[in-house]
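Undergrad: Right, I'll just put the structure down here and ask away after.
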Amino acid sequence: MRIINELCNTKFPQYKKQNDRAYSLWRSRNKEFIYKVEQYNHAIVTKTSKGNEASYRKQMLETAQTYEQNKAAMHKMFSDYGETTYHATCSAYREYTESEKADFPNYYKEHMQVFENYWRNK
Numbered sequence: 245m246r247i248i249n250e251l252c253n254t255k256f257p258q259y260k261k262q263n264d265r266a267y268s269l270w271r272s273r274n275k276e277f278i279y280k281v282e283q284y285n286h287a288i289v290t291k292t293s294k295g296n297e298a299s300y301r302k303q304m305l306e307t308a309q310t311y312e313q314n315k316a317a318m319h320k321m322f323s324d325y326g327e328t329t330y331h332a333t334c335s336a337y338r339e340y341t342e343s344e345k346a347d348f349p350n351y352y353k354e355h356m357q358v359f360e361n362y363w364r365n366k
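Written out as structure tokens, the structure reads:
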């Protein structure tokens, strides 16, 4: 969601205000889910770094780099679809944030159950 918002704000700044608001509302609606995912990610990085601060920082840097790579790949994909489709995607971002496709707690329910079962059994 964030990547699409950032890409649209850059490519079509005329939608920035409405899309920033839509993203903010989406985050508010999904804050418990987002917080839970962030907790799991933090726990995984903490566990795999085994208390080594340099390892922790390295993993966090790799996460940030992966985010930027995903953003670049998504921009290329949107660009490959053509200007009209890219524009339509950005102009409809608010509706997308309200759709069932953006209902991540439901969409990723099974994935979250796997994480929860794993952490419960630790």
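Reading the sequence shown from the start, the letters are residues 245 to 366 in our numbering.
Each residue gets a CB set at the ideal place from its N, CA and C atoms; glycine is no exception.
1. Hey, how far is the Cα of K261 from the Cα of K294?
2. Using the C-alpha atoms, what's the distance from Y340 back to K255?
3. Would you check whether the ligand ZN has a heavy atom nearer than 7 Å to the C-beta of T328?
4. State whether the stretch 326-340 contacts the stretch 261-271, with contact taken as three or more CB pairs (one from each stretch) at a distance under 8 Å.
TA: If we stick to the structure as given:
1. 42 Å
2. 17 Å
3. Ligands in the displayed structure: none, and consequently the ligand ZN is not present.
4. yes
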